[in-house]
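Input: a single structure, listed below in structure tokens.
Chains as they are written, first to last, in the UniProt record's numbering: chain L, 1 to 591; chain V, 1 to 65.
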């Protein structure tokens, strides 16, 4: 007996393992497209037509930003609920059903993307940010819908587990990992309303030819309603790992359970009403609305800074438990030899740098300097590409033995892999940020213009390209090492000498957290109110000015027009009623 | 050794962002390093770190260390 996850929850371990392997497949293909576009854009090796760059970019973005991250996180969340509630899922067939739906959605989405490489008329080279005026094949949107519905059902699965647990433990606090899963899921439900509306009401009917045109600004705004909080959907599982696994691996305890709950509540209420900060340069949205989005975004620094404090304090506690002393001398006592720890620590450090570049993006005036430049690409390769991806890869070295019952193939290779990722991303993202400051654009295979040359303040553009290519090559090598370890571990035989399936205990436990923190209805209501404040007037203004389906459209299919009008009126009245209810609840709690 | 092999690897890895950013920082004070000079500086720093890490601590012998 080793008390691993697979021994405690054998059926769930299979689903978690399947989710992880699906995620890794997406990572492999997406990573391959990453090095292809890096070498193409920098001009070091070109074997495709530049027009195909956008197909490569779409596959890279969708497979990594959507498929890799979300398949991994549904595995982590399923592990978190079953482990922390100490109960299996309510119905394993339901769990397999949502996993199957996500797989089906991915396949249907991938078909038109990959068809873009052929002579077929089917294509969906619409990038990860798939708003109008770019139009993809209907199958692309249909697949995305199925994928998102799969994640919604996964959320239902986790809530079912919690509700069942609550019946048996009516007076107990929600265990921290489950609390994190539930708050993140609630945020996801609110956030995906935007993309559901964008696809089902506009993009899918448009690609099917049911409507002639759409209002591009409306679809962009609905996309970013989802497009920014999706960042937190990736990030929250990484945060969860920093809170519940990193302190354990460090040799200590989580510094504060209440602070962790506060952080997740803040992300629930602040993640969605921020999306307009991606549209600072969009005409058609008044500056005032953009200012509100900027204010909300800046508030998001608070949970990130709380996390930095709590996680570092937990690491220091662990180091001192291991004999570390001094103001900084305790750093030497941390388990740097452990790839799980080293990977997460390096990811956290890179996230600090990402936070600084993120503040530039979020600032309304200074954003004008870097908007749609290579800077932004550098930024999100530090966030999703390192804080999230490196954390996911590092914890894979802990999870693989848990869900396979097999020892990790090579800890040394794993350590080399996470360090190589850190170094590779340093080279690549630094050059991207600097390129952005020169005004080099993003989303293009040919970042050069006739009669004009970008001038670097330090070095040259050629040197920046070399740095990007070097970084990309190191990242690709790191991926090869990662997959060698995954495959090597899968081929290992079962082991009886594996760490137990446990997560960090706390120095300050849930009993120190105010009860109101567990009031999920209250926080959801506040989140909805903030979304109404941030989005009602911008959306109404966009529709009033540009029409639901664009200003030029004079003939609307009557059935669709009436249906949408009815839906719009119903939505506005429902949202208003929900807002009033939320205000009543808040007033009740505060009085 | 003064630090563990794992910690040494991480410290060496930190040289990458340090050197990459140092080039930009020095340019502010009109010190412009070429790529080659940056690389030499990085290798030199790694050498210093290796000597520091591998040098036996005062009062300890090789066999005790």
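Glycine included, every Cβ here is placed at the ideal spot set by N, Cα and C.
Report the rounded CA-to-CA distance for residue 164(L) versus residue 416(L), giving the unit in angstroms. If you number the first chain from 1, residue 164(L) lands on position 164. If you number the first chain from 1, residue 416(L) lands on position 416. Taking the straight line joining both Cα atoms gives about 43 Å.
Quick one: Cα of residue 12(V) to Cα of residue 422(L), how far? In the second chain, counting from the first residue as 1, residue 12(V) sits at position 12. In the first chain, counting from the first residue as 1, residue 422(L) sits at position 422. Distance between the alpha carbons of residue 12(V) and residue 422(L) is about 11 Å.
If the cut is a Cβ gap below 7 Å, which residues of chain V does residue 463(L) touch? Here residue 463(L) is taken as the residue at index 463 of the first chain, counted from 1. Chain V residues near residue 463(L): 35.
With respect to the alpha helix (DSSP H) encompassing residue 129(L), which residues constitute its N-terminal and C-terminal limits? Position 129 of the first chain, counted from the start, is the residue given in the question as residue 129(L). Neither: residue 129(L) is in no alpha helix (DSSP H) and is coded neither H nor E.
Should residue 9(V) be flagged as near chain L, meaning a C-beta pair shorter than 8 Å? As a first step, residue 9(V) must be located in the second chain, where it is residue number 9. For residue 9(V), the answer is yes, since a Cβ of chain L falls inside 8 Å of its Cβ.
Grouping DSSP H, G and I as helix and E and B as strand, with all else coil, what is residue 449(L)? Position 449 of the first chain holds residue 449(L). Residue 449(L) falls in the strand class under three-state DSSP.
With a 10 Å radius around its C-beta and 16 neighbouring C-beta atoms as the bar for buried, classify residue 60(L) as buried or exposed. Mapped onto the first chain, residue 60(L) falls at position 60. By the 10 Å Cβ count, residue 60(L) comes out buried.
Taking the alpha-carbon positions, what's the residue 24(L) to residue 68(L) distance? For this step, residue 24(L) is matched to residue 24 along the first chain. For this step, residue 68(L) is matched to residue 68 along the first chain. Whole-angstrom Cα-Cα distance: 6 Å.
Is the region 277–290 of chain L touching the region 311–323 of chain L in the sense that three or more CB pairs, one from each, lie closer than 8 Å? no
Based on DSSP bridge pairs, tell me the residues matched to residue 373(L). Numbered from 1 along the first chain, position 373 holds the residue referred to as residue 373(L). Answer is 441(L), bridged to residue 373(L).
Tell me where the alpha helix (DSSP H) around residue 506(L) begins and ends. As a first step, residue 506(L) must be located in the first chain, where it is residue number 506. No alpha helix (DSSP H) contains residue 506(L), which is instead part of the beta strand (DSSP E) from 506–508.
If you run the structure through DSSP and keep just helix, strand and coil, what is residue 494(L)? Here residue 494(L) is taken as the residue at index 494 of the first chain, counted from 1. DSSP places residue 494(L) in strand when its eight states are reduced to three.
By the 8 Å beta-carbon criterion, what residues does the region 9–28 of chain V contribute toward chain L? 9, 10, 13, 16, 17, 20, 21, 23, 24, 27
Limits of the unbroken alpha helix (DSSP H) element including residue 33(L): Sequence index remark: in the first chain, residue 33(L) carries index 33 (1-based). Element bounds for residue 33(L): 10–42.
Would a check of beta-carbon distances place residue 248(L) closer than 8 Å to chain V? Along the first chain, one-based indexing puts residue 248(L) at 248. No, no contact with chain V.
Supposed close pair residue 464(L), residue 435(L) - CB separation, criterion 8 Å: Against the first chain, residue 464(L) aligns to sequence position 464. Against the first chain, residue 435(L) aligns to sequence position 435. Right, the Cβ-Cβ distance comes to about 5 Å (below 8 Å), so this counts as a contact.
Among 292(L), 57(L), 345(L), 261(L), whose alpha-carbon lies nearest the alpha-carbon of residue 248(L)? Taking the first residue of the first chain as position 1, residue 248(L) is located at position 248. Per the Cα distances, 345(L).
What is the C-beta distance between residue 270(L) and residue 296(L), in whole angstroms, given that I count them as a contact (C-beta under 8 Å)? The count along the first chain starts at 1 and reaches residue 270(L) at position 270. The count along the first chain starts at 1 and reaches residue 296(L) at position 296. Going by Cβ atoms, the distance from residue 270(L) to residue 296(L) rounds to 6 Å, so yes, they are a contact pair.
Is residue 337(L) close to chain V, meaning its C-beta is less than 8 Å from at least one C-beta of that chain? Mapped onto the first chain, residue 337(L) falls at position 337. With 8 Å as the cut-off, residue 337(L) counts as an interface residue toward chain V.
Exposure of residue 406(L), with buried meaning 16 or more beta-carbon neighbours within 10 Å: Translated into the one-based positions of the first chain, residue 406(L) becomes position 406. When all chains shown are included, residue 406(L) counts as buried.
Starting from the beta carbon of residue 6(V), find every residue of chain L whose beta carbon is closer than 8 Å, and list them in chain order. In the second chain, counting from the first residue as 1, residue 6(V) sits at position 6. Those are 335, 336, 337, 338, 342, 415, listed as they occur along chain L.
Say whether the region 114–122 of chain L touches the region 86–102 of chain L, bearing in mind that this needs 3 or more beta-carbon pairs closer than 8 Å, one atom from each stretch. no
With distances taken between CB atoms, is the gap from residue 159(L) to residue 250(L) smaller than 8 Å? By one-based count along the first chain, residue 159(L) stands at place 159. By one-based count along the first chain, residue 250(L) stands at place 250. Not in contact: residue 159(L) and residue 250(L) (Cβ atoms no closer than 8 Å).
What is the residue span of the alpha helix (DSSP H) that residue 255(L) lies within? Within the first chain, the letter at position 255 stands for residue 255(L). Careful: residue 255(L) lies outside any alpha helix (DSSP H), inside the beta strand (DSSP E) at 254–256.
Can you name the residues that DSSP bridges to residue 406(L)? Numbered from 1 along the first chain, position 406 holds the residue referred to as residue 406(L). Bridge partners of residue 406(L): 494(L).
Mind pulling the chain V residues with CB within less than 8 Å of residue 427(L)? As a position in the first chain, residue 427(L) is number 427, starting the count at 1. 16, 20, listed in chain order.
Per the contact definition of three or more C-beta pairs closer than 8 Å, is the region 224–243 of chain L in contact with the region 172–192 of chain L? yes
Report the neighbours of residue 388(L) on chain V: residues whose CB is nearer than 8 Å to its CB, in chain order. One-based indexing of the first chain puts residue 388(L) at position 388. Within 8 Å Cβ-Cβ: nothing; residue 388(L) doesn't reach chain V, min ~19 Å.
Proximity winner among 512(L), 185(L), 479(L), 256(L), relative to residue 413(L) (alpha-carbon distances): Your numbering for residue 413(L) matches position 413 in the first chain. The residue with the shortest Cα to Cα distance from residue 413(L) is 479(L).
Over the uninterrupted alpha helix (DSSP H) stretch that includes residue 290(L), give me the two end residues. Here residue 290(L) is taken as the residue at index 290 of the first chain, counted from 1. Per DSSP, residue 290(L) belongs to the alpha helix (DSSP H) from 287–299.
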